[in-house]
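Quick note: the sequence shown uses the numbering used here, first residue 44, plus one each step.
For every residue, glycine included, the Cβ atom is placed at its ideal position computed from N, Cα and C.
Computed from a predicted model, the values in this text were never measured in an experiment.
Step one of this worksheet: look at the structure below.
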Amino acid sequence: MGNVYKVVVTGPFNSGKTEFIRTISDIPIVSTERRISDHFASVKDETTVALDYGQVRLGRDLFHLYGTPGQPRFDFMWDILSGEMHAFIVLVDSCDRASFPQARRLIRIFRRKSGVPYLVVANKQDGDNSLSAQAIGRALGLGGKIPVVPCVASEKASVRNVLKELRALVFAYNDD
């Protein structure tokens, strides 16, 4: 039997959290997407209001993936979802520089919740105006200390690579 991990997948609105979980999950995801009724409706039709849940096996290890809502009005869910997490992932839309301040804020918030390992995912790397993972790390002020992994959340191999990187990070963290 392998290890079981609870991983929180967070990030600003429209960063690709639901797509990330949907792409890799071995089971049909549990999603609480609802029609958007505020000014975000011009960006997309639906948004997560409570959580997304999926699970995936990598080898013998099982990952339980919990996606957070991206809109600040649903931030009360962050405490609920982050309880007893083993690691977290912050998805960033590589094409949406305006979302970077929110990504920095989420990193601070989730680091305070728990001292678990985390990484940043530079999502939407297939976009015309996407910044590289290195440029996003600089823009977020990570100073090369936190891994920034390039990703296209709609591609299973890309998401699997992120989870492999995270698993290695958790192993290293637990060895210390």
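Determine the DSSP secondary structure at Lys167, reduced to helix, strand or coil.
coil
Val92 to Ala215, Cα distance in whole Å?
Below a pLDDT of 50, predicted positions are generally treated as unreliable, and Val92, at 49, falls in that range; no measurement from the model is reported.
Find out if the Cβ-Cβ distance for the pair Asn46, Leu105 is shorter than 9 Å.
yes
Is the beta carbon of Tyr48 closer than 9 Å to that of Val73?
no
Going by C-alpha distance, which of Ala165, Asn172, Leu149, Gly102 is nearest Phe63?
From the listed residues Ala165, Asn172, Leu149, Gly102, the smallest Cα separation to Phe63 is found for Ala165.
Assuming Val195 and Leu124 are in contact, meaning their beta carbons sit under 8 Å apart, how far apart are those beta carbons, in whole angstroms?
That pair is no contact at about 24 Å.
Would you tell me roughly how many angstroms separate the C-alpha atoms of Pro55 and Arg103, rounded to the nearest one?
31 Å
Apply the 10 Å Cβ neighbour rule to Gly186 and answer buried if 16 or more other Cβ atoms are within range, or exposed otherwise.
exposed
Quick check: the Cα distance between Val163 and Met44, rounded to an integer number of angstroms?
28 Å
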